[in-house]
Each structure stands twice: as structure tokens, then as C-alpha cells.
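> Below is one structure. I have some questions about it.
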Amino acid sequence: MKKIWMIICTITVSFSIAACSRNLTEEKKSNIPKVSESISNIQENENILRNMNGKFQIQAKDNSERDKFDDILKESKSTELAQVIIEEEKNMFDMEIVVGEQNFSAILYDNETTRALIEQFPMTLNMEELNGNEKYYYLSDSLPTNASRPSSIHTGDFMLYGNNCLVLFYESFSTFYNYTPLGRIDNSDGLAEALGSSNVQIIFRVK
0 MKKIWMIICT
10 ITVSFSIAAC
20 SRNLTEEKKS
30 NIPKVSESIS
40 NIQENENILR
50 NMNGKFQIQA
60 KDNSERDKFD
70 DILKESKSTE
80 LAQVIIEEEK
90 NMFDMEIVVG
100 EQNFSAILYD
110 NETTRALIEQ
120 FPMTLNMEEL
130 NGNEKYYYLS
140 DSLPTNASRP
150 SSIHTGDFML
160 YGNNCLVLFY
170 ESFSTFYNYT
180 PLGRIDNSDG
190 LAEALGSSNV
200 QIIFRVK
């Protein structure tokens with residue numbers, strides 16, 4: 000009787016092992032497509048990255064393409080800045096800039112920066128000379144900013160560099176710096192002569 004029972008147990012265990020082995024085999028088979036799919040995705044991503052890297056290398060080596068990109072970016076930024084100024088000129092503040100005995104009529108654009116600046120008017124500032132084209136002064140407090148890179152600076156432009164540096168330009172030139180536009184002098188004739196080539200005291204006030 001014991002022998003019969005042992006035979007039955009042996010047969011049962013054998014079937015269990017076979018079933019287990021079959022289940023594991025089926026599970027492995029079911030995972031094969033997933034593994035293949037993952038490998039395929041990895042290879043595809045590698046190809047994409049390789050192609051992208053190649054394009055970047057070409058762009059880095061091809062100065063004409065890079066220059067073209069820079070020109071498009073510059074034009075885009077310039078157009079964006081022009082649009083901002085157009086919108087802000089709809090509501091402007093009249094300002095007067097006094098240098099020695101000469102008065103220059105100017106306008107301030109209507110934006111968050113100029114509204115904060117006007118609260119400090121009238122201002123008498125000892126502005127410093129820089130680069131033969133601008134006078135600048137660092138305020139003690141920061142102002143709100145909305146900086147963009149203009150394609151060029153024009154004589155009479157009044158700008159904010161960073162968040163606390165007022166800049167009055169008396170010569171036109173190209174620039175790669177970012178500024179928040181504040182306003183401009185209506186007629187800049189004689190401005191360069193009035194400001195001179197050294198530090199100068201300038202009065203800013205709203206009319």
C-alpha cells in the first residue's frame with residue numbers, strides 16, 4: 000500500500016514540475032515580443048540621437064547656417080521689441096531731460112517699469128560716461144523689467160539695463176545686450192554735444 004502511495008505521489012510531483020516548467024516557458028515566450036519591442040525602441044532612439052548629433056555638428060561647422068540662424072533670431076527679437084514699443088506708445092508720458100542749460104523733450108513708454116520710475120521723479124543724477132555713446136546711473140532700488148535685445152540703439156534712446164541701471168544713449172550703434180525700453184528723446188539734435196565726453200549731471204522730470 001505504501002509503495003502504491005509513493006508511486007502516486009511521484010507521478011503527481013512530476014506532473015506539477017512539468018506544468019510549472021511549461022508555465023515558465025509560456026511566460027518567457029510571452030515576454031519575447033516585449034523585449035524585442037524595447038530593443039527596437041532603444042535602437043530607434045539611438046538612431047534619432049545620432050542623426051540629431053550629426054545635424055548639430057553640421058550646424059556648428061557651417062558658419063553660414065549659423066549666421067543665418069542668428070539673423071533670423073535677431074530679426075525676430077527686433078520685431079518683438081518693436082511691437083512692444085508700439086503698444087506702449089499708445090499711452091505715453093511727456094518727460095523733460097535737462098542737461099546744463101539745454102532742455103530736451105522726451106516721452107516715456109507706458110509700462111510697469113516707467114510707472115515705477117516716475118514715482119521717483121524728478122531725479123537729478125550724476126551719470127557716468129561709457130564707450131563714447133552712453134551715460135549711465137545705477138539706482139539704489141530695482142525696477143520691474145521686460146528686457147529684449149534690440150537690433151540697434153538710436154541716439155536719444157532711454158533704456159534700463161539689468162534691473163537698476165538707467166542708460167541714456169547719445170550715439171547710434173548695434174548691440175548684443177538686452178534692455179528694457181523706457182522712452183526716447185523726440186529731437187536728439189545737439190544731445191551728444193550737451194552730454195559731452197565725461198560724467199555729467201542730468202535732470203529727469205515729467206512735464
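Counting from 1, position 161 in the sequence shown corresponds to residue 160 in numbering that gives the first Met the number 0; the numbering is continuous, with no gaps. C-beta: ideal position from N, C-alpha, C; glycine also.
Can you give the Cα-Cα distance for LEU190 and TYR169, rounded to whole angstroms?
Taking the sequence shown and counting its residues from 1, one reaches residue 190 at position 191. Taking the sequence shown and counting its residues from 1, one reaches residue 169 at position 170. Distance between the alpha carbons of LEU190 and TYR169 is about 6 angstroms.
> Between which two residues does the beta strand (DSSP E) harbouring GLU127 extend?
For the purposes of this step, residue 127 is taken as the residue at position 128 of the sequence shown. Where GLU127 is concerned, the enclosing beta strand (DSSP E) stretches over 122–129.
> Suppose the cutoff is 8 angstroms on Cβ atoms and the five residues either side in sequence are ignored; what does the same chain contact list for GLN101 look like?
Residue mapping note: residue 101 aligns to position 102 of the sequence shown, counting from 1. Excluding sequence neighbours, GLN101 sits near GLY189 and ALA193.
> Are the beta-carbon atoms belonging to THR144 and THR112 less than 8 angstroms from one another?
Within the sequence shown, the letter at position 145 stands for residue 144. Within the sequence shown, the letter at position 113 stands for residue 112. It is a contact, given that the beta carbons lie within the stated cut-off.
> Roughly how many angstroms lie between the CA atoms of ASN177 and MET126, to the nearest whole one?
For the purposes of this step, residue 177 is taken as residue 178 along the sequence shown, with counting starting at 1. For the purposes of this step, residue 126 is taken as residue 127 along the sequence shown, with counting starting at 1. Cα to Cα, the separation comes out at about 20 angstroms.
> With which residues is SER182 paired in a DSSP beta bridge?
Taking the first residue of the sequence shown as 1, we reach residue 182 at position 183. According to the sequence shown, residue 182 is Gly rather than Ser. The partner list for GLY182 (beta bridge, DSSP) reads LEU107 and PHE157.
> Got a sec, what are the start and stop residues for the beta strand (DSSP E) GLU133 sits in?
The sequence position of residue 133 within the sequence shown is 134, counting from 1. Where GLU133 is concerned, the enclosing beta strand (DSSP E) stretches over 133–137.
> Given a cut-off of 8 angstroms on the beta-carbon distance, is the pair VAL205 and PHE120 in contact?
Here residue 205 refers to the residue found at position 206 of the sequence shown. Here residue 120 refers to the residue found at position 121 of the sequence shown. Contact flag set, yes.
> State the beta-bridge partners of SER197 as determined by DSSP.
By 1-based counting over the sequence shown, the position of residue 197 is 198. Paired residues: none, contrary to the question.
> Could you pull out every residue in the same chain whose Cβ sits closer than 7 angstroms to the Cβ of LEU142, ignoring the five residues on either side in sequence?
In the sequence shown, the residue the question calls residue 142 occupies position 143. So the qualifying residues of the chain are THR112, ALA115, LEU116, LEU159, ASN162 and ASN163.
> Our contact map puts LEU167 next to GLU133 with C-beta atoms below 8 angstroms; I'd like the distance itself, whole angstroms only.
Counting from 1 along the sequence shown, the entry for residue 167 is found at position 168. Counting from 1 along the sequence shown, the entry for residue 133 is found at position 134. About 7 angstroms; that satisfies the 8 angstroms criterion.
> GLN101 bridges to which residues according to DSSP?
Here residue 101 refers to the residue found at position 102 when the sequence shown is read from its first residue. GLN101 pairs with VAL98.
> CB-CB under 7 angstroms to TYR137, same chain, minus the five flanking residues each way: which ones, in chain order?
Against the sequence shown, residue 137 aligns to sequence position 138. If we look at TYR137 and ignore the five residues flanking it on each side, its Cβ neighbours are ASN163 and CYS164.
> Per DSSP, ILE152 is paired with what?
Mapped onto the sequence shown, residue 152 falls at position 153. DSSP lists PHE172 as partners of ILE152.
> Tell me the DSSP secondary structure of MET142 in three-state form.
Counted from its first residue, the sequence shown places residue 142 at position 143. Per the sequence presented here, residue 142 reads as Leu, with Met not at that position. LEU142 falls in the coil class under three-state DSSP.
> Pull up the distance between the alpha-carbon of SER171 and that of THR123, whole angstroms please.
For the purposes of this step, residue 171 is taken as the residue at position 172 of the sequence shown. For the purposes of this step, residue 123 is taken as the residue at position 124 of the sequence shown. If you take the alpha carbons of SER171 and THR123, they lie about 24 angstroms apart.
> Excluding the five sequence neighbours on either side, which residues of its own chain have a C-beta within less than 8 angstroms of the C-beta of SER196, listed in chain order?
On the sequence shown, residue 196 is found 197 positions in, with the first residue counted as 1. Within the same chain, SER196 has close Cβ partners GLU128 and GLY131.
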